[in-house]
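Here's the structure we're looking at; comments come further down.
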Amino acid sequence: MYIKKILWAIAIIGLIVAGIVGYYIYGAMLSPNTAFNNDEAYIFIPSDANYAEVREQLEPLLKDIDAFDALAKQKKYTTNLMAGRFAIKKGMNNNAIINSIRRNNLPLKIAFNNQEKLSKLAGRISTQIEADSSSLYTAMTDASFLADNGFTKATALGMYLPNSYEFFWNTSAETFRDRMLKEYNRFWTEARKAKAKKINLTPNEVMTLASIVYEESKQKEEQPIVAGLYLNRLRIGMPLQADPTLKFAAYQLPKYQNTVIRRVLNVHMEIDSPYNTYKNSGLPPGLIAMPDLSAIDAVLNSEKHKYLYMVADARRIGYHKFAKTLAQHNANAREYHRYLSSQGINK
């Protein structure tokens with residue numbers, strides 16, 4: 002009888018212990034543990050993060066961080082972190098959360114458009130992935146990489162085609178750069194290369210001219226006309242005389258830093274720079290800005306015409322008037338200069 006009582010006591014204690022363990026397992030693993038109202042929240046785990054840093058991001062998102070800690074230690078997550086961007090869905094339990102942030106690194110869409118120079122592009126990308134602007138700029142301007150792939154520092158910006166791309170958040174600077182090279186090579190199909198060859202330009206030269214076309218006109222329907230005009234000038238050895246290149250040359254000088262040139266003057270035409278296309282024939286050494294894809298295709302598919310001159314159209318802001326003769330161009334230019342003066346635009 003006495004032994005039966007002991008057995009019953011042991012059984013009851015066992016049930017109690019099992020209940021406690023079950024309750025712990027349910028609480029630590031299976032009960033919902035999110036504290037946010039949105040459908041999901043995201044955490045970003047850096048490549049060199051430790052568990053304390055991950056915990057700091059998780060704490061405001063969870064009801065019971067201690068329960069999460071206990072399971073994380075049991076599942077050895079605290080010493081086996083994965084870098085990246087991870088989603089935690091509303092109502093997830095600790096076990097599901099750990100599985101998600103251990104395995105499901107989510108890609109994201111990054112985008113960039115028409116950055117003026119590599120340093121600004123690096124800054125733009127650094128706001129979207131883990132790599133900082135300094136490491137990105139260093140990778141983009143690496144002399145060996147540029148030489149191995151047919152670029153110079155002046156033409157390197159042309160390798161980055163404005164668009165949106167899918168990346169993991171923890172992408173390194175070198176990985177980003179190398180992926181952009183693949184996208185560039187994919188863009189330059191045999192058909193596009195053939196079109197470039199037909200107009201006696203290399204892909205780098207197409208990108209350089211496209212940057213001038215884009216800075217001259219943002220109007221997609223007008224860009225093929227502008228491209229055709231510049232190609233006409235190149236064919237006959239006439240200087241491009243492109244105002245955007247003068248502005249680019251000026252902005253490299255301390256005198257013009259933090260200024261906006263609204264009107265190109267004779268003083269700008271005297272700037273000693275390989276980008277001064279009033280003084281120098283042919284294309285400048287490289288891009289003056291990142292061209293839109295429409296401008297690149299405008300160069301490759303330029304409109305065939307006999308225009309050699311253009312000036313901004315005072316009656317249609319953003320567009321140009323084109324001329325075949327210098328006399329007609331001078332008349333158009335006088336009209337535009339009168340408009341500038343009437344607006345008080347003198348520099």
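Plus 1 on top of the position in the sequence shown (first one is 1) and you've got the numbering used here.
The C-beta atom is built at its ideal place from N, Cα and C for all residues, glycine as well.
Here the structure is a predicted model, which means the values were calculated and not measured.
Nearest neighbour of residue i, chosen from the options [CA to CA]
{"i": "GLU203", "options": "ILE297, LEU327, THR176 and ASN95", "result": "Checking the sequence shown, residue 203 turns out to be Thr, not Glu. It is ILE297 whose Cα lies nearest to the Cα of THR203."}
{"i": "LEU109", "options": "THR79, PHE249 and TRP170", "result": "TRP170"}
{"i": "PRO150", "options": "ASN186, GLN116, LYS76 and GLU167", "result": "Residue identity check: residue 150 is Asn in the sequence provided, not Pro. The shortest C-alpha separation from ASN150 is found at ASN186."}
{"i": "LEU284", "options": "MET208, VAL55 and THR326", "result": "MET208"}
{"i": "SER343", "options": "PRO286, PHE323, ARG264 and THR326", "result": "ARG264"}
{"i": "LEU266", "options": "PHE168, LEU247, ALA324 and PHE113", "result": "LEU247"}
{"i": "ILE318", "options": "THR176, THR142, LYS219 and LYS64", "result": "LYS219"}
{"i": "VAL214", "options": "LYS199, GLN242 and THR190", "result": "GLN242"}
{"i": "SER120", "options": "THR139, ILE102, ILE111 and ARG103", "result": "THR139"}
{"i": "LEU230", "options": "PRO61, ALA68, TYR308 and PHE37", "result": "TYR308"}
{"i": "ILE237", "options": "ASP143, ASN277, PHE249 and ASN201", "result": "ASN201"}
{"i": "ASP244", "options": "TYR276, ASN233 and PRO255", "result": "TYR276"}
{"i": "GLU41", "options": "ALA144, PRO240 and LEU62", "result": "LEU62"}
{"i": "THR142", "options": "ASP49, ASN233 and ARG178", "result": "ARG178"}
{"i": "ASN180", "options": "GLU167, GLU191, THR190 and ALA192", "result": "Reading off the sequence shown, one finds Arg at residue 180, where the question assumed Asn. Of the listed residues, the one whose Cα sits closest to ARG180 is GLU167."}
{"i": "PHE323", "options": "ASN233, ALA144 and ASN259", "result": "ASN233"}
{"i": "LEU235", "options": "PRO255, ASN259 and LEU210", "result": "LEU210"}
{"i": "ILE46", "options": "PHE37, ASN38 and GLU57", "result": "GLU57"}
{"i": "GLU175", "options": "SER135, GLU206, HIS306 and LYS325", "result": "SER135"}
{"i": "LYS118", "options": "GLY287, ALA332 and LYS325", "result": "GLY287"}
CB-CB length for residue i against residue j, believed under 8 Å
{"i": "GLU217", "j": "VAL227", "result": "5 Å"}
{"i": "GLY92", "j": "PRO33", "result": "5 Å"}
{"i": "LEU122", "j": "GLN116", "result": "4 Å"}
{"i": "SER212", "j": "ILE289", "result": "5 Å"}
{"i": "MET160", "j": "LEU182", "result": "6 Å"}
{"i": "ILE102", "j": "PHE87", "result": "4 Å"}
{"i": "ALA68", "j": "ASN95", "result": "6 Å"}
{"i": "ILE89", "j": "SER165", "result": "Contact flag wrong, Cβ pair sits at about 25 Å."}
Limits of the unbroken alpha helix (DSSP H) element including residue i
{"i": "ARG234", "result": "224 to 237"}
{"i": "PHE69", "result": "66 to 75"}
{"i": "GLY124", "result": "119 to 127"}
{"i": "PHE87", "result": "No alpha helix (DSSP H) contains PHE87, which is instead part of the beta strand (DSSP E) from 85 to 90."}
{"i": "GLU54", "result": "52 to 59"}
{"i": "ALA251", "result": "244 to 252"}
Cβ shell of residue i (< 7 Å), same chain only, five flanking positions each side left out
{"i": "GLY23", "result": "Low local confidence applies: a pLDDT of 49 at GLY23 is under 50, so the model's placement there is unreliable, and no value is given."}
{"i": "TYR337", "result": "VAL312, ALA313 and ALA315"}
{"i": "GLU223", "result": "TYR320 and HIS321"}
{"i": "PRO225", "result": "ALA299, ASN302, SER303 and GLU304"}
{"i": "ALA334", "result": "VAL312"}
{"i": "ALA251", "result": "TYR257, ILE262, HIS269 and ILE272"}
{"i": "ALA328", "result": "none"}
{"i": "ARG339", "result": "none"}
{"i": "PHE188", "result": "LEU162"}
{"i": "SER295", "result": "LYS221 and GLN224"}
{"i": "SER173", "result": "ALA132"}
{"i": "LEU16", "result": "Legend: pLDDT at LEU16 = 49, less than 50; position of this residue unreliable, no value from coordinates given."}
{"i": "THR278", "result": "PRO240, LEU241, GLN242, ALA243, THR246 and PRO285"}
{"i": "ARG193", "result": "LEU301"}
{"i": "LEU341", "result": "ARG264"}
Endpoints, beta strand (DSSP E) assigned at residue i
{"i": "ASN95", "result": "It is not in any beta strand (DSSP E) - ASN95 instead sits in the alpha helix (DSSP H) that spans 95 to 104."}
{"i": "PHE113", "result": "108 to 113"}
{"i": "ALA328", "result": "Note, ALA328: premise wrong, no beta strand (DSSP E); alpha helix (DSSP H) at 327 to 343."}
{"i": "TYR78", "result": "Per DSSP, TYR78 belongs to no beta strand (DSSP E) and is neither H nor E."}
{"i": "PHE37", "result": "Run containing PHE37: none; DSSP gives neither H nor E here."}
Spatial neighbours of residue i in its chain, beta-carbon cut-off 8 Å, leaving aside the 5 residues before and after
{"i": "TYR52", "result": "ALA73, TYR78, THR79, THR80 and LEU82"}
{"i": "LEU147", "result": "THR153, LYS154 and ALA157"}
{"i": "TYR27", "result": "Note that TYR27 scores 49 on pLDDT, short of 50, meaning its location in the model is unreliable; the coordinates nonetheless yield the value given after this. So no residue of the chain qualifies."}
{"i": "ASN39", "result": "LYS91"}
{"i": "GLU54", "result": "ILE46 and PRO47"}
{"i": "ALA50", "result": "LEU82 and ALA84"}
{"i": "ASN281", "result": "PRO240 and PRO275"}
Residues near residue i in its chain [Cβ-Cβ closer than 6 Å; skip 5 each side]
{"i": "GLN253", "result": "none"}
{"i": "LYS196", "result": "LEU301"}
{"i": "ASN106", "result": "GLY85 and PHE169"}
{"i": "LYS76", "result": "ILE99"}
{"i": "GLU60", "result": "ILE66"}
{"i": "PRO292", "result": "ALA211, SER212 and TYR215"}
{"i": "PHE37", "result": "LEU62"}
{"i": "VAL18", "result": "For VAL18, the pLDDT reaches just 45, beneath the cut-off of 50, and the residue's location in the model is therefore unreliable, although a value from the coordinates is still provided. Hits under 6 Å: none found."}
beta-carbon residue i near the ligand NAD non-hydrogen atom, thresh 8 Å
{"i": "GLU117", "result": "The ligand NAD is not part of the structure shown, which contains no ligands of any sort."}
Within the segment 140 to 226, ranges of the beta strand (DSSP E) (whole runs, at least 3 residues): 164 to 169
Runs of alpha helix (DSSP H) lying entirely within the segment 264 to 324, each at least 4 residues, in chain order: The qualifying runs are 267 to 270 and 294 to 301.
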